[in-house]
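Only one structure is covered here, and it is reproduced in the block below.
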Amino acid sequence: LGIGLILALIACKQNVSSLDEKNSVSVDLPGEMKVLVSKEKDKDGKYSLMATVDKLELKGTSDKNNGSGTLEGEKTDKSKAKLTISDDLSKTTFEVFKEDGKTLVSRKVNSKDKSSTEEKFNAKGELSEKVVTRANGNRLEYTEMKSDGSGKAKEVLKDFALEGTLTADGKTTLTIQEGTVTLKKEIEKAGTVKLFLDDTSSGSTKKTAVWSDTSNTLTVSADSKKIKDFVFLTDGTI
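Take the sequence shown: its position 213, counting from 1, is numbered 230 in our numbering, and each next residue is one higher.
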């Protein structure tokens with residue numbers, strides 16, 4: 018009985034609820050998160066994991082000791098939370114579910130390159146809002162999304178923003194107007210970009226533009242003379 022009690026106490030030391038700086042290692046994760054990983058395996062041969070996200074404590078176990086795995090927790094309103102850490106630690110996925118543990122409320126994916134995708138879901142668990150933040154800080158914001166996937170779209174760049182729509186097939190169309198010139202940007206679901214320019218003015222000041230798919234360049238001309246080349250990258254950089 019004495020030996021059994023000692024073994025039980027040893028196992029307890031490896032329990033998820035007792036991880037601290039002495040018996041665990043802290044691992045940095047994307048999204049400025051950290052996870053504690055036990056230095057020793059528990060009685061089931063697994064490593065204990067613990068993390069705190071939005072003041073909620075999450076616990077889990079893993080076959081690996083590098084910090085990867087799945088952690089879960091429950092909020093005061095009985096909603097469920099799950100943090101999934103990829104095997105190579107390059108991505109974290111934090112999901113919040115309703116009390117049933119199945120209907121999504123929100124999800125945020127953080128990547129090692131500092132890009133992220135944040136999604137919110139309506140009462141039915143359907144996607145209603147989505148914000149894609151690229152590594153350079155540029156953002157694609159989708160709001161008022163319908164069940165077919167369509168909605169409003171906005172791209173926020175360093176110096177200006179383009180607004181438009183998202184269609185059910187995943188195509189984003191954005192525009193910005195300056196005087197008589199309207200710039201239209203199309204982003205396909207696969208991420209490919211195309212630019213168009215329309216100028217309602219007439220005469221020698223009227224501007225035209227030609228888009229090159231191979232170089233992602235919009236060549237703007239006026240009075241048959243090239244004014245400037247603009248290179249548009251998929252991350253929104255011009």
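A virtual CB, placed ideally from N, CA and C, is assigned to each residue, including glycine.
- Distances from the alpha-carbon of Gly90 to those of Ser55, Asp71, Ser238 put Asp71 closest.
- A Cβ-Cβ contact shorter than 9 Å links Lys108 with Ser128.
- Each of Glu205, Lys201, Lys206 was checked against the Cα of Thr225, and the nearest Cα belongs to Lys201.
- The count of Cβ pairs closer than 8 Å, one atom from the segment 211-229 and one from the segment 189-199, reaches three, so the stretches are in contact.
- Assignment of Thr184 by DSSP, reduced to helix, strand and coil, places it in the coil class.
- The segment 114-122 makes no contact with the segment 72-87, as fewer than three CB pairs between them are under 8 Å.
- Setting aside the 5 residues that flank it on each side, Glu135 is surrounded in the same chain by Lys125, Val148, each with a C-beta closer than 6 Å to its C-beta; the list follows chain order.
- For Phe213, the enclosing beta strand (DSSP E) starts and ends at 210-216.
- Going by C-alpha positions, Ala239 is about 6 Å away from Thr222.
- Annotation: Asp165 to Gly181 spans about 17 Å, alpha carbon to alpha carbon.
- Non-local C-beta neighbours of Lys99 in its own chain, meaning closer than 6 Å and more than five positions away in sequence, comprise Glu89, Glu112, ordered along the chain.
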